[in-house]
Amino acid sequence: MSDTSEQSLADRGSNRSQRPQSAAFIDWVTSGWADRPASTAARGAAADFTAVRRATLSAEFPGQRLVIPAGAFKVRSNDTDYRFRPHSAFAHLTGLGSEQEPDAVLVLHPAADGEGDELPDGTRSGHRAVLYMRPLASRDTEEFFADARYGEFWVGARPTLEDMAAVTGLATAHANELRDALAKDVGADGVQVLVVPEVDDAVEAVVEEIRETPQAELDARLAEALSELRLIKDAHEVGELRAAVAATAEGFEQMVRRLPEAVAHRRGERVIEGTFLAKAREEGNDVGYETIAAAGSHATTLHWTDNDGQVREGELVLVDAGVEVDSLYTADITRTLPVTGTFTADQRRVYQAVLDAADAAFAVAVPGNRFRDVHAAAMEVIAARLEEWGMLPVTAAESLSPEGQQHRRWMVHGTSHHLGLDVHDCAQARREMYLDAVIEPGMVFTIEPGLYFQADDLRVPEQLRGIGVRIEDDVLITANGNENLSAALPRTPEEIERWMADLLG
Ligand code: GLY
Ligand code: MN
Ligand code: MN
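The sequence shown begins at 0 in numbering that gives the first Met the number 0 and counts up one residue at a time.
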């Protein structure tokens, strides 16, 4: 047997090159570096807000230790990872965003009276928060030059504990202190430890080992509380969402400008997708979800993300896209546009029905109504219009009854979802806090009715087959009503035609 055949499969990734191992090399590579410049880390704009968010969570879990991991790298293939994105609950409670901070764990330790973290208003939380992380390694370590996943030579310098404390306003500690800190005072009558499930397997395993018996229900309660904590956005979050929407609106403009190139390309949908992705990376962290660029009848596939089709003159193109800014808040906007800038009569008819449904939904998206009322208002318009067009086998009223719902053949999705750090934000909230909840100021959700007439749907009038329309806006609930955050993008057919004529010159 040769030497290489005895090598484990896991080690063979190193066969493509040879790292020098000599003492002379290690001495050479770890020395001769200038002092690092003085830290310029400044308190982040989110720090005061995250302190309040943590205190609100604290009040729901008195005496319990709460473990909120950022998560670990996810393998894309072989030894390449996806770009790191922290878990949204971690981002919400630390203010840390793009690529910060793999393997970090936020822990809220229960604190005795008067010993919890101080809030901006001088009161105290019931917990003391500590961020455990892998800090910058010094330059005399192997990690510095040899670790392709974490080393400074490979991925750049990580923040120090002091820098991270300055930016977040959190106490920070080395990750190797995490285990002992989690185990402190845990026991039959002692502290209970709760961990957000399915974020970081390694952290979860440590917690399971410490508490001995599984506590899945408690963990689920923590995940639920973290989700519900985001139902009302604070001023900092609203600012970030505005920035995400503004960047997204610019992305839509750029996509329109490139429509002629999209038409000329064999995969014009990719031209549209790529244009938006470039904008998202230039202005923010990424897209908040895979862009849907659906030309012609592809628009009737709700999550058309293949985007490998042609874009043809005379057809509509449905684009559903959102920029996720560096803080990880995302927009979620859809516009359905005529490729050449002018709607046909049939396209306009379908478009206007969806627009009327959206306007009806906006009218009831106000404090005091229930979240479910928004969908109901949109469906009333959709059912009425389908009845008018002779498409329903029953009356609109019968279709709207729970036993009917025939109109949903052409819009199977909901009209609204909360929006924030996740495109489908607050997804673990209880039904009574979401669908059945009373709408309150500070909520941000989408309004996105649609009509999708598949090309081979024999129940659709022939001239409407293959037309799919969705109009999606991002809505902030205010004290007395709502604000359409995405109003800068035109919505009516006339506004769209004018806007496209301007952009296409
Ligand atoms: N883009 C996904 C959605 O609109 O919910
Ligand atoms: Mn949406
Ligand atoms: Mn969308």
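All residues carry an ideal CB built from backbone N, CA and C; glycine is no exception.
One or two residues paired with residue i in a DSSP bridge
i           : result
residue 490 : Bridge partners of residue 490: none, in fact.
residue 171 : 130
residue 68  : 104
residue 451 : 467
residue 109 : 126
residue 80  : 74
residue 445 : 473
residue 318 : 292, 334
residue 194 : 66
residue 481 : 476
residue 117 : 123
residue 329 : 323
residue 369 : 437
residue 297 : DSSP output for residue 297 lists no bridge partner at all.
residue 285 : 323
residue 417 : 444
residue 185 : 190
Burial state of residue i (16 or more Cβ within 10 Å)
i           : result
residue 1   : With a pLDDT of 47 at residue 1, under the threshold of 50, the modelled position of that residue is not reliable, and no figure is offered here.
residue 411 : exposed
residue 509 : No information on residue 509 is available, as it lies outside the stretch 0 to 504 that the chain covers here.
residue 269 : buried
residue 38  : exposed
residue 166 : buried
residue 202 : buried
residue 458 : exposed
residue 81  : exposed
residue 346 : buried
residue 505 : The displayed coordinates of the chain run from 0 to 504. Any statement about residue 505 would go beyond what the structure contains.
residue 173 : exposed
residue 137 : exposed
residue 398 : buried
residue 20  : exposed
residue 169 : buried
residue 73  : exposed
residue 296 : buried
residue 321 : buried
residue 8   : exposed
residue 50  : buried
residue 460 : exposed
residue 414 : buried
residue 124 : buried
residue 409 : buried
residue 503 : exposed
residue 505 : Nothing can be reported for residue 505, as the shown portion of the chain is limited to 0 through 504.
residue 481 : buried
residue 402 : exposed
residue 370 : buried
Given residue i as reference, the closest of the options once Cα atoms are compared
i           : options            : result
residue 12  : 76, 229, 300       : 76
residue 289 : 170, 375, 423      : 423
residue 184 : 164, 199, 162, 209 : 209
residue 228 : 426, 335, 466      : 426
residue 367 : 205, 330, 478, 207 : 478
residue 43  : 443, 34, 90        : 90
residue 335 : 329, 317, 324      : 317
residue 274 : 258, 284, 176      : 258
residue 221 : 242, 191, 233      : 191
residue 34  : 465, 139, 351, 293 : 139
residue 87  : 30, 146, 308, 226  : 226
residue 314 : 464, 277, 440      : 464
residue 349 : 144, 15, 383       : 383
residue 326 : 283, 311, 354, 291 : 283
residue 500 : 61, 342, 392       : 342
residue 309 : 338, 417, 54, 180  : 338
residue 148 : 158, 403, 79       : 79
residue 421 : 85, 214, 369       : 85
residue 186 : 355, 211, 59, 470  : 211
residue 194 : 69, 256, 440       : 69
residue 472 : 230, 364, 400      : 364
residue 232 : 175, 108, 438, 394 : 438
Residue i CB to nearest heavy atom of ligand 5 below 8 Å
i           : result
residue 319 : What this structure holds is ligand 1, ligand 2 and ligand 3, not ligand 5.
*asked:* Quick check: the segment 129–142 against the segment 100–117, are at least 3 beta-carbon pairs closer than 8 Å?
replied: yes
**Message:** Whether or not the segment 446–454 and the segment 295–305 are in contact is what I'm after, with contact meaning three or more pairs of Cβ atoms, one per stretch, closer than 8 Å; do they touch?
**Reply:** yes
Any residue with its C-beta under 6 Å from a non-hydrogen atom of ligand 2 counts. Can you list them all in chain order?
331, 416, 445, 447, 471
At least three beta-carbon pairs within less than 8 Å, the segment 480–491 to the segment 371–387 = Contact fails: fewer than three Cβ-Cβ distances are below 8 Å.
Spell out a yes or no on whether the segment 429–444 and the segment 244–251 are touching, meaning 3 or more CB-CB pairs, one atom from each, closer than 8 Å. With a cut-off of 8 Å on Cβ pairs, the segment 429–444 is not in contact with the segment 244–251, counting fewer than three such pairs.
Sufficient close CB pairs (3 or more, under 8 Å) joining the segment 321–332 to the segment 276–284:
yes
Open item on the list: Would you call the segment 51–62 in contact with the segment 109–128, where contact means no fewer than 3 C-beta pairs closer than 8 Å?
Closed with: Touching, per the Cβ criterion.
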